[in-house]
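Accompanying notes for the structure given below.
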Amino acid sequence: MAATQKYDAVIVGGGHNGLTCAAYLAKAGKKVLVLEKRNVLGGAAVSEEVFPGFTFSVCSYVVSLFRPRIIRELELAKHGLQIIPLDCSYSPQIDGPGLARWGDAGRTRREVGRFSKKDAEVLAEFGLEMKKMSFFARNIIDELAPDPTSFKPSELMRLMKLGNRFKEFGSDFIYLHNKLLTMSSVDFLDMYFESEILKAPMAVSGIIGTFLGVRSPGTAYVLLHHYMGEIDGVFRSWGFAKGGTGEISMSIARAAQSYGAELRCGVDVAAIKIKNNVASGVVLANGDEIEAKNVISGCDPRRTFLKFVGEQNLQPDFVDQIKRFKMRGSSGKVNLALDKLPTFKDGREGDQHLRGDIAIAPSIDYLEKAYDEAKYGEFSKRPYINIVIPSLSDPTLAPPGKHVMSCFVQYAPYKIKEGPEHWPKLRDAFGETVIDTIAEYAPDIRECITHKQVLTPWDLEQEFGLTEGNIFHGELSLEQLLFMRPAVGWARYRTPVVNLWMCGSGTHPGGGVMGAPGELAAKTMLKSGEV
Amino acid sequence: MPQSTPFHAKTLPLCTSYRWKDWAGYHAVCSYDTSHDREYFAFRHGSGIIDLTPLFKYKVTGKDAALFLSHVMTRDIEKLASNRVTYTAWCDDEGFLIDDGTVMNFGNNVFHVTAAIPSLSWFERFNRGYDAKIEDISDDYAILGVQGPTSRDLLRAVLDHAAIDGLKFFKFTETNVDNIPIVLSRTGYTGDLGYEIWVDSIHAEKLWDMIFKKAPLFGGEACGLDALDVVRIEAGFIMNGVDYNSAHHCAIKDRKSTPYEAGIGWTVDLKKPYFNGHQALRKEQASGPKFVTMGIEYNWTEYEEMFERLGLPPDICGNAWRTSVPLYDAMKRQIGYASSGTWSPLLKKNIAICRIKSTHAKPGTQIKVEVTVEHERRAVSATVVTTPFFNPERKTK
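For the record, the sequence lines run as chains X and C.
Counting along the first sequence from 1, when you hit position 69 you're at 54 in our numbering, and nothing is skipped either side.
Our numbering runs 175 ahead of the 1-based position in the second sequence.
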C-alpha cells in the first residue's frame, strides 16, 4: 500500500502524552493519527490483565502529578477517569514497629512522635515549606520552560513574572529554594528531621527514576518534584486511577476519539520520513508509509532522534547532546498476584495501613548501600521497594478476596556489569531478591503469591520502548530539566527537523504521568499555526 | 483517627448527640445534647465541667528554666512567683505570634506550659546554652475544667476547703483528693469564676466520678466545646487558628499577626531586654499596629428591622461562628473582618471578635458588618467595643 490519506499530524507512540497531545489537537479540529507499537494503548501508563482476573498497572502505578487542567479541559471524568486518593504511607521495619503516615495530621503526629516528638511537630512546618515551594514550582510545570538566553521581550516578561513570584515569597524562601536545588535529599531532610525511620522513606522520593543515591547532591530537587503531587489542588496527595493507571491513558484515548482522533495499535514505526530536513510522515516496519504535515514523537529523545530520525539527518553537536542525555534506567518492577494479603511483622490490625504505599526503606544507610551495588553494575541485594496493593481500594482489579501487588524496585541498573542484554538471565534472580526482601518484613509473602511478573530495565526497554529502561524518558536531574530538556535550545517541543515535534516525558516538564508535555506540545503547535 | 482522652469512658455515655470533633488529635465532645443550650447555661449559672486534656502540656525544668522561658515568651517569666499562673504569648523573630498559652511556676525551677498547638520543637530551638529541659507531658495529665458561678461551691464539696478558699485568681495549688494528687488552678477560658484541675491520666476517671457525685447539687453539667466557644467569645478570648493564625501555619506574611494586632499586646513585656521578636515588637509598639483586635456589638434594632420588613423574626444563630465576615466603614470600604462571633444568650446581643484597621478601632466607632438576610447580603450597623463583653465580678473575687 502506498501513501494514504494525509493527516495534519501523526503521533508516534500511544502513551499518555502522545494521547494527550492527540486529544488537544483533535479538539482543535486537526486530523490526527496515533500509532502505538503494542496492542494496547498507554505506553508505560497501562493496565493489563497479566494473569486471568488480575489487572495490573504494569509500569507506572500511582497518580499525583497528572495535571488537573487536563482533566478539566479534556473532560476526562466524562470519559471514565476516576482517581482514588491514597490515605497512608507505611514504612515497615524488620524488627520493631513501623511508621505509618496518614492523611489525618493528628494521627501522623502521634505515629512520628513514637520515634521523635520533635520530628512529629516539625513535619507540619516542613509540609508548609514544601507546599510553598510546590506552589511556586507549579508555575513552572504548567507553562513552557523559561528561556534565560533569549532577549525577546515576551521571554523577558515571562522571566520577570517568574522572578516576581519568587520575590513575593521572601528571602527565606529563596535561600531554601537554592538549597533545594543544590543539596542531596538526605542533607535537605537533615535540616528538619532527626529520625531515620521518617527520613528514609521521604528521602527516596529524591532518587526515584534517577541513577543517584539519597546522598547525591541535586536529589533534593527531585524530592520536590514528587512532593508536588496534587489532587484537587491539594499537594502531596497520591492516588490510584480506578481500573489501574492505564485508565488515565484510556480516558484520554476516549476523549481523543470523541474529538475525532484516529488511534491505531500494533503499528510498528520504523522511521520518520525526512527530506531536506523536513519531516513528512512515517515509514512503518512493514514498509507502509503514512504521510502527515507534522510528525510528533511521544517516544524518548534517544529513540526519536537516533532511531527514527537518524544521525545522518541531524547536526553532529545536536546528536552529541542527545547521546549525552542521561537515560540510565535504575529501576525494575515486580507485579504479584496474591491469594491473600501478606502480614507485616509489626502486628498492626486491619488493612488500612496497606491501602496506600508501603516503602521498604528502613534507613538512610540501607538506601545508600543499595545504591553502592548499583554503581558497580549489580542490582541491589536489598533494594528500595515501593509496594502498592491497589485492589484494596479498587476491587475491580482482582477476583474477590484476592489482590494485585505492585512492587517498584530500585536499584536495578540497566547497565548491569554483564551487559544489559544479559538481564533476561538475571530476571528470576532479581525477582527472587525482591520477594526475599519483602519476606523480611512480611514473612508469609511467599504463601500469598500465585503469579508473578518481573520487569527488568531491559524488559522496560524492549517491551515499552523506554530507552535504557528509564521510566521518565531521561533522568529528572537538574541539568536535564527546564530549558535543557532534552537539549539546550530545544525545550519547546520543536526539533531541529522542520515539522517534527516532541511531546513525551523527555521534554519539559518531564515524567511522572503529568500529561503536561503532551498538553504543552499540542498548545505550542496550535499557537504556532504550523499544524 | 483521633484518640480518646482519659475521661473518654465517662464522656462517651453522656454524649447522646454523638457530636464529637478532633481537637489536637483527641476525640472531644462538641455538645452532649443536640443543642448546647443546657451546657452554656451551666457555664453561666451553675458549673460547666469540661474535658480540656487535648491542650498541649510541657514541663520545663532546670536552673535556667525561668530565664529560658523569658527568652521565648513575651511575658517576663522570671517575675512569675511560685504557685502563680500567667497568660502569655510567644513569637517568632519578626514578632509574629506562634501561639498563646499559660505558664505555671511550681517553684524549684519547675514550670508547666500549656499551648494550643504542638510546641516542643519550637521551644527546643531556644534552650541551647540554658540549663533548661523541656518535656512533653501532654499524655501524662488529664485536665478538667470546672467553670461557672457555683464552681467554687462544687469544688468545696469535693476538695479540701482550705485549698479552695485561699485560692486567688491566676494562682494554683498542689493538693490531694482522696489520695489522688492534683493541681488546682484558678484559671479558665470562660471569663467566669472557675478552676482547672490537672490530674495524672490514670486517676482521671476517679476524679470525674468524685466531681460528678456532687455536681447535681450545684447545677454542674458536663459541657462540650460548642458551649465553650460561646462563653469564650463573651469573655473576649482569642483563639489560635480562629482569631489569629500561628506564624508556623501561614503560607503568606499577611496572615501572620503580632500580639498587638491580636489584642494581646498587654502580654508583651518590653521592659525585658531580650526575648524572641523583641526588636520587631518594640518597633510596632512605637509606631502602633495597623490593625487591632476589638469587639463589635451589632445594632439589634436595625438587625431586627431587616428581618421584620420581610415578615420574619430576627435570625439567631444557634452556634458560635468562625467564618470571616467583612466589616465596612460608612463609605462601604472594607476596614477589617470579624473572625468569630455568636449570639450571646446572656447579653441578648450579637457579638463578634474582629480584626479592624486601627483608624476605625476607637471604642464607640460606628461601623457596618455584613449579614445575610434571606440569601441577600446586607450590612448592619455595629459599635466597636472593648472586650470582654461579659466580665462578672465573681471571676476575680
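For each residue, glycine too, the CB sits at the ideal point set by N, CA and C.
Quantities reported herein were computed from a predicted structural model and do not represent experimental measurements.
Residue i, enclosing beta strand (DSSP E) - first and last residue
{"i": "residue 543 of chain C", "result": "541 to 548"}
{"i": "residue 522 of chain X", "result": "As shown, chain X starts at -14 and ends at 516. That puts residue 522 of chain X outside it, with no answer to give."}
{"i": "residue 486 of chain X", "result": "485 to 487"}
{"i": "residue 308 of chain C", "result": "308 to 311"}
{"i": "residue 393 of chain X", "result": "388 to 395"}
{"i": "residue 317 of chain X", "result": "316 to 323"}
{"i": "residue 524 of chain C", "result": "524 to 532"}
Element boundaries [alpha helix (DSSP H), containing residue i]
{"i": "residue 433 of chain X", "result": "430 to 433"}
{"i": "residue 449 of chain X", "result": "442 to 449"}
{"i": "residue 476 of chain C", "result": "475 to 483"}
{"i": "residue 152 of chain X", "result": "138 to 153"}
{"i": "residue 299 of chain C", "result": "295 to 299"}
{"i": "residue 182 of chain X", "result": "181 to 188"}
Option in the options with minimal Cα separation from residue i
{"i": "residue 484 of chain C", "options": "C:527, C:549 and C:502", "result": "C:549"}
{"i": "residue 55 of chain X", "options": "X:505, X:283 and X:509", "result": "X:505"}
{"i": "residue 310 of chain C", "options": "X:405, X:419 and X:103", "result": "X:103"}
{"i": "residue 497 of chain C", "options": "C:415, C:535 and C:176", "result": "C:415"}
{"i": "residue 331 of chain C", "options": "C:352, C:274, C:375 and C:486", "result": "C:352"}
{"i": "residue 317 of chain X", "options": "X:111, X:453 and X:206", "result": "X:453"}
{"i": "residue 544 of chain X", "options": "X:321, X:101 and X:123", "result": "Outside the displayed range of chain X (-14 to 516) lies residue 544 of chain X, so it cannot be described from this structure."}
{"i": "residue 174 of chain C", "options": "C:376, C:473 and C:386", "result": "The structure shown has nothing for residue 174 of chain C, since chain C only spans 176 to 572."}
{"i": "residue 439 of chain X", "options": "X:397, X:459 and X:469", "result": "X:397"}
{"i": "residue 0 of chain X", "options": "X:347, X:375, X:285 and X:476", "result": "X:285"}
{"i": "residue 358 of chain C", "options": "C:349, C:341, C:518 and C:444", "result": "C:349"}
{"i": "residue 467 of chain C", "options": "C:247, C:447, C:510 and C:362", "result": "C:510"}
{"i": "residue 474 of chain C", "options": "C:443, C:503, C:532 and C:525", "result": "C:525"}
{"i": "residue 251 of chain X", "options": "X:375, X:28, X:388 and X:512", "result": "X:28"}
{"i": "residue 517 of chain X", "options": "X:236, X:145, X:7 and X:49", "result": "Past the edges of chain X, shown from -14 to 516, lies residue 517 of chain X, and the structure says nothing about it."}
{"i": "residue 512 of chain X", "options": "X:477, X:200, X:88 and X:451", "result": "X:477"}
{"i": "residue 376 of chain X", "options": "X:343, X:209 and X:387", "result": "X:387"}
{"i": "residue 257 of chain X", "options": "X:297, X:233 and X:224", "result": "X:297"}
{"i": "residue 313 of chain X", "options": "X:75, X:359, X:428 and X:158", "result": "X:359"}
Residue-chain proximity (residue i, chain C), Cβ-Cβ < 8 Å
{"i": "residue 260 of chain X", "result": "no"}
{"i": "residue 107 of chain X", "result": "yes"}
{"i": "residue 91 of chain X", "result": "yes"}
{"i": "residue 308 of chain X", "result": "no"}
{"i": "residue -14 of chain X", "result": "Any reading at residue -14 of chain X needs caution, since the residue's pLDDT is 43, under 50, leaving its predicted position unreliable; the model's value is listed next. Chain C contact via Cβ: absent."}
{"i": "residue 15 of chain X", "result": "no"}
{"i": "residue 94 of chain X", "result": "yes"}
{"i": "residue 113 of chain X", "result": "yes"}
{"i": "residue 110 of chain X", "result": "yes"}
{"i": "residue 85 of chain X", "result": "no"}
Cutoff 8 Å: residue i Cβ touching any chain X Cβ
{"i": "residue 436 of chain C", "result": "no"}
{"i": "residue 304 of chain C", "result": "no"}
{"i": "residue 311 of chain C", "result": "yes"}
{"i": "residue 414 of chain C", "result": "no"}
{"i": "residue 176 of chain C", "result": "yes"}
In DSSP terms, what residue i is bridged to
{"i": "residue 269 of chain X", "result": "X:254"}
{"i": "residue 247 of chain X", "result": "X:18"}
{"i": "residue 38 of chain X", "result": "Answer by DSSP bridge pairing: none, since residue 38 of chain X is not bridged."}
{"i": "residue 160 of chain X", "result": "According to DSSP, residue 160 of chain X bridges with nothing at all."}
{"i": "residue 279 of chain C", "result": "C:260 and C:287"}
Residue i Cβ short of 7 Å to the ligand NAD heavy atom set
{"i": "residue 381 of chain X", "result": "The model depicted lacks the ligand NAD and carries no ligand whatsoever."}
**Asked** Do the region 13 to 25 of chain X and the region 409 to 419 of chain X touch if we need at least three Cβ pairs shorter than 8 Å?
**Response** no
**Asked** So, do the region 196 to 207 of chain C and the region 259 to 274 of chain C have three or more beta carbon pairs nearer to each other than 8 Å?
**Response** no
**Request:** Would you check if the region 32 to 45 of chain X and the region 221 to 234 of chain X touch, i.e. whether three or more CB-CB distances between them fall below 8 Å?
**Result:** yes
**Message:** Quick check: the region 334 to 343 of chain X against the region 169 to 185 of chain X, are at least 3 beta-carbon pairs closer than 8 Å?
**Reply:** no
**Request:** Specify whether the region 231 to 240 of chain C and the region 285 to 297 of chain C touch according to this definition: at least 3 beta carbon pairs, one from each stretch, less than 8 Å apart.
**Result:** yes
**Message:** For the pair the region 456 to 469 of chain C and the region 293 to 303 of chain C, tell me if three or more CB-CB distances fall below 8 Å.
**Reply:** no
**Asked** With a cut-off of 8 Å, do at least 3 Cβ pairs link the region 215 to 225 of chain C to the region 412 to 428 of chain C?
**Response** no
**Item:** Cβ contact (3+ pairs, closer than 8 Å) linking the region 558 to 567 of chain C and the region 536 to 544 of chain C
**Value:** yes
**Asked** Okay, do the region 179 to 188 of chain X and the region 346 to 354 of chain X touch, 3+ Cβ pairs below 8 Å being the bar?
**Response** yes
**Message:** Pairs of beta-carbons, one from the region 390 to 404 of chain X and one from the region 364 to 375 of chain X, closer than 8 Å: are there three or more?
**Reply:** yes
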